[in-house]
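Report on one structure; see the data block that follows.
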Amino acid sequence: MSNKSNLNIVFDLDENQIPEKISWESINGSEKVTHEAKAAFLSFWDKSDNNAMSLNLWTKDISIEEMSKFYFQTFITMADNFEKSTSEDQLALAIRDFADFFGEKMGIIPKSGKFDKDGKG
49 MSNKSNLNIV FDLDENQIPE KISWESINGS EKVTHEAKAA FLSFWDKSDN NAMSLNLWTK
109 DISIEEMSKF YFQTFITMAD NFEKSTSEDQ LALAIRDFAD FFGEKMGIIP KSGKFDKDGK
169 G
């Protein structure tokens, strides 16, 4: 017998179908934990279509700063998971470099000078 876990996602939409609230609930055995979110990116690899299927939604009250942090952290997670699943360390490093570039440009992480024209900050 295999173990199973459930993940329930609820999107409360306004009259224009714009998310006002996003919540998700993880259920593992008898333990249920509910969380609120302002954005969600959910992707699946469709093996029959050989294509990524994605659901990307955010609430209308998410700030640019919050969305920028969400993207930055998502890029880092993508790099980590890509490296873990493929052992492609050089490509994962390139994704991390882009994440650092994005993070600096959006003011999420301090400027290193690495991405300035002269490379000196």
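Be aware that the sequence shown starts at 49, since it is given in this note's numbering, and climbs by one per residue.
Beta carbons are placed, not taken as given, at the ideal position from N, Cα and C, and that holds for glycine.
Quick caveat, the model's predicted, so the values are computed rather than measured.
Contact belief for residue i with residue j at Cβ below 8 Å, rounded distance in angstroms
i, j, result
"residue 157", "residue 148", "7 Å"
"residue 57", "residue 88", "7 Å"
"residue 171", "residue 150", "Outside the modelled stretch of the chain, which goes from 49 to 169, sits residue 171, for which no answer is possible."
"residue 75", "residue 53", "7 Å"
Backbone CA spacing between residue i and residue j [nearest angstrom]
i, j, result
"residue 95", "residue 101", "10 Å"
"residue 93", "residue 136", "19 Å"
"residue 159", "residue 153", "8 Å"
"residue 55", "residue 90", "12 Å"
"residue 65", "residue 114", "21 Å"
"residue 125", "residue 145", "13 Å"
"residue 134", "residue 63", "43 Å"
"residue 164", "residue 77", "51 Å"
DSSP state of residue i mapped onto helix, strand, coil
i, result
"residue 63", "coil"
"residue 82", "strand"
"residue 98", "coil"
"residue 133", "helix"
"residue 92", "strand"
Sequence-distant residues of the same chain with beta carbon closer than 8 Å to residue i, five excluded per side
i, result
"residue 67", "59, 60, 61, 105, 106, 107 and 108"
Own chain residues within Cβ distance below 6 Å of residue i, not counting five before or after
i, result
"residue 84", "71"
"residue 140", "127, 130 and 131"
"residue 103", "90"
"residue 69", "60"
Own chain, CB closer than 7 Å to residue i, minus 5 neighbours either side, in chain order
i, result
"residue 82", "71 and 73"
"residue 116", "154 and 156"
"residue 143", "123, 126, 127 and 130"
Residues bridged to residue i [DSSP beta-bridge criterion]
i, result
"residue 57", "72"
"residue 111", "Answer is none; residue 111 lacks a bridge partner."
"residue 105", "88"
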